[in-house]
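J.:
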Amino acid sequence: MSGIRSVTRGIGSYLPEHILTNAALSERIDTSDEWIVQRTGICQRHIAAEGEYTSHLGLVAARRALEDAGMDAQDIDLIILATSTPDQTFPATSATIQAELGITQGAAFDVQAVCSGFVFALTTADAHLRTGAFRRALVIGAETFSRILDWKDRGTCVLFGDGAGAMVLEAIPESEANGAGVLTSHLRTDGRHRHKLYVDGGPSTTGTAGHLRMEGREVFKHAVGMITDVIEDAFAATGESAETIDWFVPHQANRRIIDASAQKLGIAPEKVVVTVDKHGNTSAASIPLALDVAHKDGRLRKGDLVLIEAMGGGFTWGSALLRW
């Protein structure tokens with residue numbers, strides 16, 4: 003339905019209290035702070051406590067986003083949670099969050115696109131809001147990747163952390179949006195690459211959660227090209243460019259990928275929001291976590307043009323351009 007814009011009303015995030023530094027990791031596996039920082043840019047990551055689940059992380063982030071929006075949970079009629087680490091196979095972890103928020107109306111469901119999950123969830127929420135079927139949505143990215151890591155595999159366990167971020171979107175008439183809202187989004191999947199980044203378990207295969215496996219060089223090789231592809235699509239769809247955007251908020255996977263992508267696109271370094279050093283790769287949570295950091299420190303302001311992008315297992319990848 004034309005004439006509707008999905009406008010950001012609030013943002014919030016949550017990180018578990020426990021911080022696992024590179025130095026602490028080097029006491030458990032054959033690695034070092036220098037090795038990790040040089041290859042990834044990561045200095046530390048947050049790890050969920052025993053008994054602290056993905057729903058717990060997502061719930062706190064959701065409440066903080068609602069507070070930032072000045073809204074009550076009862077104002078929400080759609081919850082979309084992006085996660086690859088649900089509390090259970092079913093019900094959807096979003097349903098657990100919905101119940102904890104005391105919401106009984108509307109719909110709640112999960113989406114699974116790994117590290118691209120938040121971009122996929124945002125795009126899905128935007129599509130639903132623009133139909134007029136829903137008015138306000140909570141879009142959440144929440145992960146406890148520490149639960150699916152092989153802590154003996156230094157090629158993967160040094161990369162990931164736990165966390166959650168949430169955004170409140172509201173459908174309003176385009177005539178009242180003053181240019182704000184989701185302007186365009188572009189999603190891709192190519193399942194031919196699924197064995198380059200995957201989890202070696204699942205309900206219908208092994209009956210176990212499994213562990214994350216990755217061909218790091220292959221992922222890096224594809225990442226920059228795929229990311230720039232969907233960003234160029236976003237620029238072509240809107241007439242915007244690397245010069246006109248205010249902020250580039252990429253998925254926080256690896257500092258080298260972030261820097262290479264920005265350089266290839268001609269995005270100035272001072273426009274790039276980077277949190278991978280403090281958070282590690284939090285998969286679907288990384289973009290809303292980074293957005294919240296930029297919002298809280300005053301960089302991200304009303305009217306700013308923000309470009310987000312991500313790539314994840316599948317391979318999945320996507321971009322979205324929104325005016326804050």
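Residue numbers for the sequence shown follow this note's numbering, so the first one is 3 and each next one is one higher. Using N, Cα and C, we set each Cβ at its ideal position, and we do this for glycine too.
(1) Taking the alpha-carbon positions, what's the residue 348 to residue 30 distance?
(2) Provide the residue span of the alpha helix (DSSP H) that contains residue 252, from first to last.
(3) By how many angstroms is the C-alpha of residue 113 removed from the C-alpha of residue 172?
(4) What residues match up with residue 144 in a beta bridge as DSSP calls it?
(5) Under 8 Å between the Cβ atoms of residue 266 and residue 45?
(6) In this structure, what does DSSP give as the bridge partners for residue 82?
(7) Buried or exposed, going by whether 16 or more other CB atoms sit within 10 Å of the CB of residue 177?
(8) Report the rounded CA-to-CA distance for residue 286 versus residue 27, giving the unit in angstroms.
(9) Taking the straight line between their C-alpha atoms, what separation do you get for residue 102 and residue 61?
(10) Apart from the five residues on each side of it in sequence, which residues of its chain come closer than 8 Å, Cβ to Cβ, to residue 175?
(11) From what residue to what residue does the beta strand (DSSP E) around residue 323 run?
(12) Just to confirm the assignment, what range does the alpha helix (DSSP H) spanning residue 100 have?
(13) How would you call residue 92, buried or exposed, if buried means at least 16 neighbouring beta carbons within 10 angstroms?
(14) Taking only three categories from DSSP, how would you classify residue 171?
(15) Give every residue of the same chain whose Cβ lies closer than 7 Å to the Cβ of residue 104, excluding the five residues on either side of it in the sequence, and list them in chain order.
(16) When every heavy atom of the ligand ZN is checked, does at least one fall within less than 7 Å of the C-beta of residue 189?
(17) State the Cα-Cα distance for the pair residue 14 and residue 208, rounded to the nearest angstrom.
(18) When DSSP labels each residue in this structure, what does residue 283 get in the three-state scheme?
(19) Report the rounded CA-to-CA distance for residue 247 versus residue 323, giving the unit in angstroms.
(20) Beta-carbon within less than 8 Å of residue 18's beta-carbon, same chain only, minus the 5 sequence neighbours each way: which residues are those?
(21) Give me the Cα-Cα distance between residue 224 and residue 240, rounded to the nearest whole angstrom.
(22) Extract the residue ranges of the beta strand (DSSP E) inside the region 12 to 39, only unbroken runs of 3 or more that lie entirely within it.
(23) Within the chosen definition, does the region 77 to 86 reach the region 126 to 142 through at least 3 CB pairs nearer than 8 Å?
(24) Quick check on this structure: which residue in 158, 293, 108 and 146 has the alpha carbon closest to the alpha carbon of residue 221?
(25) Inspect the beta-carbon positions of residue 315 and residue 116 and report whether they are closer than 8 Å.
(26) For the putative contact between residue 193 and residue 204, defined by C-beta atoms under 8 Å, what is the C-beta separation to the nearest angstrom?
(27) Per DSSP, which one or two residues make a beta bridge with residue 200?
(28) Rounded to a whole number of angstroms, what is the C-alpha to C-alpha distance between residue 231 and residue 85?
(29) Taking all protein chains shown into account, decide if residue 290 is buried (16 or more other Cβ within 10 angstroms of its Cβ) or exposed.
(30) Any idea what DSSP makes of residue 6, helix, strand or coil?
T.: Reading it off the structure:
(1) Since the first and last residues shown for the chain are 3 and 326, residue 348 lies out of range.
(2) Run containing residue 252: none in the alpha helix (DSSP H); it sits in the beta strand (DSSP E), 249 to 252.
(3) 20 Å
(4) 166
(5) no
(6) 111 and 141
(7) exposed
(8) 23 Å
(9) 8 Å
(10) 5, 6 and 7
(11) 318 to 325
(12) 95 to 103
(13) exposed
(14) strand
(15) 75
(16) No copy of the ligand ZN occurs in the structure displayed, which carries no ligand at all.
(17) 36 Å
(18) strand
(19) 9 Å
(20) 48, 49, 50, 51, 54, 59, 164 and 165
(21) 25 Å
(22) 20 to 23
(23) yes
(24) 158
(25) yes
(26) About 15 Å; that fails the 8 Å criterion.
(27) 215
(28) 24 Å
(29) buried
(30) strand
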